[in-house]
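This note's numbering numbers the first residue of the sequence shown as 466 and each following residue consecutively. One structure is given here, and the rest of the page talks about it.
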Amino acid sequence: TATTVVLGALGVILVAVALSALENVARKWSERIDETLGWQPFGFGLLLGVVVPATLLFGILVLLYRYLPRRRPGWRAALLGGGAAAIGLQGLQIGLGWYLAGPADFTQIYGSAATIFVFLFSVYMSASVFVICAILTGVIDDALGGESAPGVPAKLPLAEVAFPGPLREKLVAAIVSGEKTTTTGLHE
């Protein structure tokens, strides 16, 4: 229903905000430790500044791709999709950081509204990467012979016909023979 879609979208937005906050906390801790210890190649700065946020992002994306869809993909597909999304989101973050620090100066065009524009643009690009990798996860799951048949939602009946009688028996016979492959109905 529409309520489920709205609540699902709200849930995704809340998860994205929580993920962003968690990444910012990890980044701030990394900066504080880096200031205290000084940059040590392949030391704590690299571990807390790059490895921990990327691993955290990867883990959360794998869980989202595994448990968010109605037709749940297998673990291999979720791992591949989560890895692709984590790489894509990190690449997007680096690319946007470079673009906004260098060639793009939105403050000359938009003034103080540039912050809002940049925020909305980054949310749009991140959502695009998330959705593209979710589709990729589904395609990979279908290619790997996932846990449920392609196009069939998990744990839902293939056909459910009510009201016994001759019309129902004729409809069931048409479905079983393959003569009828789709039906419509009303849902309360």
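Ideal Cβ placement from N, Cα and C applies to all residues, glycine included.
Assign residue i to one of two classes, buried (16 or more other C-beta atoms within 10 Å of its C-beta) or exposed (fewer than that).
i           : result
residue 470 : exposed
residue 594 : buried
residue 582 : exposed
residue 522 : buried
residue 476 : exposed
residue 526 : buried
residue 537 : buried
residue 591 : buried
residue 639 : exposed
residue 617 : Any answer about residue 617 is weak, because its pLDDT of 49 lies below 50 and its placement is not dependable; what the coordinates show is given next. Flag for residue 617 reads exposed.
The alpha helix (DSSP H) spanning residue i covers which residue range?
i           : result
residue 572 : 571 to 575
residue 634 : 631 to 642
residue 443 : This structure cannot settle anything about residue 443, because the visible part of the chain is limited to 466 through 653.
residue 550 : 540 to 566
residue 529 : 517 to 532
Using 8 Å as the threshold, is the C-beta distance between residue i and residue j below it?
i           : j           : result
residue 524 : residue 606 : no
residue 561 : residue 577 : no
If we define contact as Cβ-Cβ less than 8 Å, is residue i a contact residue for chain C?
i           : result
residue 639 : The structure shown contains no chain C; it holds only a single protein chain.
Could you round the C-beta distance between residue i and residue j to whole angstroms and report it? I think they count as a contact, below 8 Å.
i           : j           : result
residue 519 : residue 551 : 6 Å
residue 609 : residue 542 : 6 Å
- Pairing CB atoms from the segment 528 to 539 with CB atoms from the segment 566 to 581, are three or more of them under 8 Å? no
- Task: Decide yes or no for the touch test of the segment 546 to 555 against the segment 513 to 522: beta carbon pairs closer than 8 Å, at least 3 of them.
- Result: yes
- Are there three or more Cβ pairs, one per stretch, closer than 8 Å when the segment 597 to 613 is compared with the segment 537 to 551? yes
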